[in-house]
Every structure is written in C-alpha cells, then in structure tokens.
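The block underneath contains the structure these notes are about, expressed in structure tokens.
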Amino acid sequence: MSAILQTENLTKRYGRGRQSRLALDSLTFHVEEGDIFGFVGPNGAGKTTVIRILATLLKPTAGEAWVGGYSIRSDTRAARRMLGYMPDFFGVYGELTVREYLDFFAGCYYIPPRERPPLIADLLELVDLGHRRDDDVDSLSRGMKQRLSLARTLIHDPQVLILDEPASGLDPRARVEIRDLLVELARMGKTVFFSTHILADVAEICTRIAIIEAGKLIAQDTLSALGLQQETPQRAITLEVLGEPAEAERILLSIPALRDVQPSPENDLPPERSRWQATFSGDDRALSALLSDLVTAGLPVVHFSEQQTSLEEIFMQLTQGIVS
Amino acid sequence: MSTDTASPRRPAWPLRMWNGLRRNPIIYKEFRSRMRQRRALWFIILPLLGAAGLIILVSLTVLQESNAADFESRRQVGQAVFIVIIGIQATLAMLVAPSISAGALASEHEHQTYDLLRVTLLSARSLVWGKFVASAAFIIFLMLLQVPLLAITFLFGGIEPAEILVHTSVNLASVLYFCSLGVFISSLNRRSLPATIGAYVFAGMLSVFLPIMLLLVGTLVFGAFDSANLPPLMEALMMAGALLLVALSPAGTMLTSEIFLQDGDLWYTTTTLSNGVTLYSPTPWVVFLVLSSLLTLFFLGLTVRRVRKKDK
Numbered sequence: 009m010s011a012i013l014q015t016e017n018l019t020k021r022y023g024r025g026r027q028s029r030l031a032l033d034s035l036t037f038h039v040e041e042g043d044i045f046g047f048v049g050p051n052g053a054g055k056t057t058v059i060r061i062l063a064t065l066l067k068p069t070a071g072e073a074w075v076g077g078y079s080i081r082s083d084t085r086a087a088r089r090m091l092g093y094m095p096d097f098f099g100v101y102g103e104l105t106v107r108e109y110l111d112f113f114a115g116c117y118y119i120p121p122r123e124r125p126p127l128i129a130d131l132l133e134l135v136d137l138g139h140r141r142d143d144d145v146d147s148l149s150r151g152m153k154q155r156l157s158l159a160r161t162l163i164h165d166p167q168v169l170i171l172d173e174p175a176s177g178l179d180p181r182a183r184v185e186i187r188d189l190l191v192e193l194a195r196m197g198k199t200v201f202f203s204t205h206i207l208a209d210v211a212e213i214c215t216r217i218a219i220i221e222a223g224k225l226i227a228q229d230t231l232s233a234l235g236l237q238q239e240t241p242q243r244a245i246t247l248e249v250l251g252e253p254a255e256a257e258r259i260l261l262s263i264p265a266l267r268d269v270q271p272s273p274e275n276d277l278p279p280e281r282s283r284w285q286a287t288f289s290g291d292d293r294a295l296s297a298l299l300s301d302l303v304t305a306g307l308p309v310v311h312f313s314e315q316q317t318s319l320e321e322i323f324m325q326l327t328q329g330i331v332s
Numbered sequence: 678m679s680t681d682t683a684s685p686r687r688p689a690w691p692l693r694m695w696n697g698l699r700r701n702p703i704i705y706k707e708f709r710s711r712m713r714q715r716r717a718l719w720f721i722i723l724p725l726l727g728a729a730g731l732i733i734l735v736s737l738t739v740l741q742e743s744n745a746a747d748f749e750s751r752r753q754v755g756q757a758v759f760i761v762i763i764g765i766q767a768t769l770a771m772l773v774a775p776s777i778s779a780g781a782l783a784s785e786h787e788h789q790t791y792d793l794l795r796v797t798l799l800s801a802r803s804l805v806w807g808k809f810v811a812s813a814a815f816i817i818f819l820m821l822l823q824v825p826l827l828a829i830t831f832l833f834g835g836i837e838p839a840e841i842l843v844h845t846s847v848n849l850a851s852v853l854y855f856c857s858l859g860v861f862i863s864s865l866n867r868r869s870l871p872a873t874i875g876a877y878v879f880a881g882m883l884s885v886f887l888p889i890m891l892l893l894v895g896t897l898v899f900g901a902f903d904s905a906n907l908p909p910l911m912e913a914l915m916m917a918g919a920l921l922l923v924a925l926s927p928a929g930t931m932l933t934s935e936i937f938l939q940d941g942d943l944w945y946t947t948t949t950l951s952n953g954v955t956l957y958s959p960t961p962w963v964v965f966l967v968l969s970s971l972l973t974l975f976f977l978g979l980t981v982r983r984v985r986k987k988d989k
C-alpha cells in the first residue's frame, strides 16, 4: 500500500505578529490508498484547516502536503484532479435542478457534454437520488443534499475524497445512509478521508484514524492499535470463576496488578459461577502473566476476557480539551 | 505513405477565446439561474413598459404642438423616441450593470459555493470572465429588447445612422466597463449588498466625482495662465485634458459627441491653435471606447489576480 495523502510538518499560522495564532503545528501523517481515514479532534483542533489545506483552498505557512503524489503547493491543478472535496456546509444554487447542478460541476471539470448524461445518471443512482433528478436542489432534504454533495465530489472520478463533517446535522437515518455510502465508495477503490465529531461512525467504518488537538497530531493508527499504544493502557478485564464468591474476591484482591475489583452487576450465571470486573495496567505479556498468576493462586477461572476500549474512552484519555 | 505526425495547428486567439467562452460552464449556469429568478421578469418588463410609456408621452406632446403630417414634426418625434430609448439603454448600462455584476463573486460566497468552484479545474480567469460575460450579456439582452422600439424612429425619421453607431457603441462599451467594475468590487466583498453599494460608489466616483475633480484641478492650473495668450502646447494640452475629462463619463461622452455630430465630425475633429497649427483629435466617443476598453481589461485583470491571490 502506498500513501495517497501525505503531510509533512504541516504548519498554519493565522495572522501576523503578536496577534497571530498557530492553528497547525508541524502535522505529519499519511493516508494509505483504500483507507477510510477518520480525522478526529475537539472543536477548534484544526481539522477544517487541515482539510482546507489538503483541498488546496488554503496555503500552509510551512510544511508540505501531497495528494496522490502531487504537491498542493506546486501541482495544485493535478492535486485538484485527484481529490473530491465536500465542505461541512452545502453550497446551493437554488434555481438549478439536481441534474443541472451536477452538469454544471461536470462542466467545471471540463467533462465533455456528451459524456455527462450517463455519468450523472450513474452518480444519482449511486446516491439514490435518481427519482429526484428534475427537482430543484432547494427542495431536497438535508440528507438528500448531503448525498447530492457526495455525488458532486465524485463527478470527475477522483481517487481521494476529502470530507469535512459529512454526517454533521443529519438525522440518524441520513447518517447511516452517508456512512454506508462511504463504505461503498471505499469498496469501489476510493480513499476516504473525513473529519467528524461522531466517534461511533469512526469506530464503525474507519480502517485508520488520527486524533488532533490544538493543532498537534496526538495519535494515528488503527483503532485497535491506538487502544494499546497508550503509555499505561487501562484494560478492563472480565472474569468468571467457580466456587464461593467471597473466596474468589479474596484471591482477586491479593493480586497487586488488579485494581477496582468488583462483582459484575449482571446476574445471569449459574449459582456455582461468579463474574468479576477489574482494571489492569500492562501490555499483552503482563496480561498473559496475570492469567497464569490467577490460576497459580488457586482461582478456578472459566472465563477471562478483555473488554474493548471504546473510541470515546481512547479519545478522552488522549485529549485534554485544549483549543488552539 | 504519409508520416505526418505534426500536431494540429493552434487556432487563432479569437477562435480560442470564443471556444473558451462556449465551454465556460459559469455563463450557462448564470443565465439559467438569472432567468429563473422572479426579478428577471421585472428587469425585462419594466424597461420595456417605461420605454413604451415615455415614447407615447413624448410623441403625443410633440404631435400636439405641431402637425402630424408635417415632415419636421415627424423628425422631432423620431428624435424624441431615439433619445428615450438611448436614455433607457444608458440607464441599464450605468445603473443596472453595476448592481447585476456586483453580486457575481460575492453571491458565490453568500451561497457557500465559492470554495466548491475554486476546488474544481476551473481557472481564476475562466471564473472571472464567465461572471463578467454572463453579467454583460444579460444587460445587452435587456438592451436588445429595446431594438423593436428603436425601429419606430425609422418610421418617423430624423435619426442619422452615425448617431445610432455612436450612442449604441458608447452604451455597449459602458456595459462592459461597468460590469468589469462591478465584478472587481464583487471580488472584494463576501456579501452582495456591500458589493452593490461599493460598485455604485466606485462607478459614481469614476464617472462623476473624478471628472469634476479634474475639471477643478485643470481650472486652477490653466487659470494661472493668461487665457488670451496661452502657448500652443498648453492649448493642445488643455484640449487633450478636456477630451479625457469628457470621456471619463458615458453621459458626458454622449452629449458632447452629439454636438460634434451636428458639425459632421464622426471620428475626429479639428481645432486651429493660436499659432495657426491645425490640431486633429479623436471625437469623445472614440476616446471613450478606447479608455473604457482599457479600464475594462484593467479591472478584469485585477479581479483575476485577486481571485488567484485568494487561493494563497
């Protein structure tokens, strides 16, 4: 896999002199071909600035970015050909119909007029708006406008889609529809790079994520890898043991690596079993050693599992709520 | 066997420019959007109604005071109708063109579509020229709607082809000039209302305030000399200054050109200086055409630069 989107020491400073504000601080990351890459960060973290720079709408103060191998500084036109950009607002031409709207943008990419009708029909089919092709853009619902906007970004068959908050302000159904569309586009070979506040969407569809705060990149990797990358990963352990609960509790409390030991509130087990929850700090080897220690201490373990850390938990642990 | 692999010849620049405009999606989109707006109907109907009403009014007034069968009276009606139509066309050029064009780029910001356009392969030049041509074409379309009314003047007579040439040329050049100015002001604003106000203020300054200021400065400068004994060079400079002053304003150009036309001077005029030398100078409308064309290109160039700079 090769990087289709890449930044190196990307820095953006707004204003000059004492009034200046550092929006991005030496941001370096890459997105590989075929990724669905989630760009996560609190409000004011610099997500939109990064997206506008990648979309060639903003020049960085320092550093460089490449889209499909083309520099956004020196090969702007080639980079624009490679990318489809969807901002976090929907630009409307109220007087145009859905078909005319797409036809206009096809013209802006110099797609020959005879090639446009089948292309537009295919795109409207993809975003499920074929039945609304002759309706005014203004008459569409927000979700439909967002899908039309997605169709617009695809009009010139770009390799990379750069989407700023694509699901923002949508109702749950529209959100799911957009999410499914992004997965479908990735299946079609597109690379999807999108910023979002909705961590559930990121957890659901992203192959990789990056977390940004106060203009600095805090982490970038797969979701599972990020959960383990923290300096002292807090791992939630669930255990099921046989025998007297009091005896089980005594043994569990005697293991120094385990903290916050408590019985599980769920009571759906046979009487001879008890379920316990605890937290544990350590890597995979330490976790394996813990299981061994429990068995050595005489605890009849019948179930031992680690609960997956949610993205919300990772996000909260990694960020501090600083705004640049 | 032919081995001719040479690339096809590049078409000449007018053809390239025409092809560029034909392929420019902005022009189509602007026309589509504009003609679907309710106010487009008013833009079409009001000048026509105004022209028709005024023509009826002046015709009746002239004919009431004279004999309809009289040749001279008919000439007067023809001239009055011509003045009404040219006046309405001038109003479209001077008052409507700045307001129509001032929204060109500002409205893209308002509709949040500016970024969407800039991220496409459409160049800054195509964007600006597309907006300019679309605005100018709409005003020219409104002017063309007056042409059937203009035909009435031929029924009555009293209008020379030279007059039609001069006034129509000045009006068309004014449309291009004010539209380029409007598009430029539009590139400085993110909202249509301040852009429209700015366009009117700027157009007023260039067409009214600047000539008055220049006139005052000229009066002060040349007032220092004894007017009866002005050196020939100063006389020539004064003539050139006066010509430029008049050519800054479309209305001033039309009025003075009419005076020159009465003397039979269409393209140029002659003046004898105090030393007996005959000075040939173009008539005001010719100067206006050159000056407004240069200013049009200047404003368009400035707008393209500004749109390009915004990308940085």
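Chains as they are written, first to last, in this note's numbering: chain A, 9 to 332; chain B, 678 to 989.
Note that beta-carbon positions come from the ideal geometry of N, C-alpha and C, so glycine has one too.
Cβ distance (whole Å) where B:Phe-965 is taken to contact B:Ala-919 below 8 Å: So it is not a contact: roughly 13 Å between Cβ atoms.
Buried or exposed for B:Leu-645, going by 16 or more other Cβ atoms inside 10 Å? Outside the shown range of chain B, which is 678 to 989, sits residue 645 of chain B, and nothing can be said about it.
Is it buried or exposed for B:Ser-864, if we count other Cβ within 10 angstroms and need 16 for buried? buried
So A:Leu-131 and A:Val-106 are supposed to be a Cβ contact under 8 Å. How far apart are they, rounded? Wrong, their Cβ atoms sit about 10 Å apart, outside the cutoff.
In this structure, how does DSSP classify A:Met-196 when only helix, strand and coil are distinguished? coil
Where A:Asp-146 falls: helix, strand or coil (DSSP): helix
Going by CA-CA distance only, name the one from A:Asn-17, A:Arg-24, A:Asp-179, A:Ala-218 that's closest to A:Pro-50. A:Ala-218
Return the residues of the segment 699-715 of chain B that lie within a Cβ-Cβ distance of less than 9 Å from chain A, sorted by chain order. Arg-700, Asn-701, Pro-702, Ile-703, Tyr-705, Lys-706, Arg-709, Ser-710, Arg-711, Met-712, Arg-713, Gln-714
Work out the CA separation of A:Ala-286 and A:Leu-207 for me, nearest whole Å. 25 Å
Separation of B:Arg-686 from B:Ala-913, as counted between CA atoms: 48 Å
For B:Leu-793, decide whether its Cβ has a neighbour in chain A, counting only Cβ atoms nearer than 8 Å. yes
Between A:Thr-64 and A:Ala-87, which are expected to be in contact by the criterion C-beta below 8 Å, what is the C-beta distance as a whole number of angstroms? 6 Å
For the segment 938-981 of chain B, which segments carrying the beta strand (DSSP E) assignment without a break, of at least 3 residues, lie completely within its bounds, in sequence order? 945-949, 955-959
Check whether the segment 803-810 of chain B touches the segment 780-795 of chain B, taking contact to mean three or more Cβ pairs, one atom from each stretch, closer than 8 Å. yes
Taking the continuous beta strand (DSSP E) assigned at A:Phe-45, which residues delimit it? 44-48
Assign B:Asn-848 to one of three DSSP states: helix, strand, or coil. helix
Backbone CA spacing between B:Phe-879 and B:Met-820 [nearest angstrom]: 23 Å
Whose Cβ in chain A lies nearer than 9 Å to the Cβ of B:Leu-642? Not covered by the structure: residue 642 of chain B. The range shown for chain B is 678 to 989.
Confirm, please, whether the CB-CB distance from A:Arg-283 to A:Leu-250 is below 8 Å. no
Could you check what DSSP says for A:Pro-271 in three-state terms: helix, strand or coil? strand
Could you check whether the Cβ of A:Pro-95 sits closer than 8 Å to any Cβ belonging to chain B? yes
State yes or no: is the C-beta of B:Thr-955 within less than 8 Å of the C-beta of B:Thr-946? no
8 Å Cβ cutoff met for B:Pro-927 and B:Val-847: yes
Mapping the DSSP letters down to three states, classify A:Thr-230 as helix, strand or coil. coil
Show which residues of chain B have a CB atom less than 7 Å away from the CB atom of A:Gly-99. His-788, Gln-789, Thr-790, Leu-793
Selected residue, minimal CA-CA separation from A:Leu-307, among A:Ala-254, A:Leu-277, A:Arg-293, A:Asp-276: A:Ala-254
Are A:Ala-31 and A:Arg-21 touching if we call contact CB-CB under 8 Å? yes
For the segment 103-114 of chain A, list every residue whose C-beta sits within 7 Å of some C-beta in chain B, in sequence order. Glu-103, Leu-104, Glu-108, Phe-112, Phe-113
Does at least one heavy atom of the ligand FAD sit under 7 Å from the Cβ of B:Leu-950? In terms of ligand content, the structure shown is empty, and the ligand FAD therefore cannot be addressed.
For B:Ser-851 and A:Ser-149, the rounded distance between their alpha carbons: 43 Å
Look at the alpha carbon of A:Ile-259 and the alpha carbon of A:Asp-276, and state the distance between them as a whole number of angstroms. 22 Å
Hey, out of B:Lys-706, B:Leu-842, B:Gln-756, whose CA is closest to B:Leu-943's CA? B:Leu-842
Please state whether DSSP places B:Leu-819 in a helix, a strand or coil. helix
Cβ of B:Met-678 less than 8 Å from any chain A Cβ? With a pLDDT of only 43 at B:Met-678, under 50, the local geometry of the prediction cannot be trusted, and no value is derived from it.
Once you ignore the five residues that flank B:Glu-840 on each side, which residues in its own chain have a CB closer than 8 Å to its CB? Phe-759, Glu-935, Leu-938
Would you grab the beta carbon distance between A:Gln-154 and A:Ile-119 for me? Rounded to a whole angstrom, and I think it's under 8 Å. Between A:Ile-119 and A:Gln-154 the Cβ distance is about 22 Å, and since that is not below 8 Å, they are no contact.
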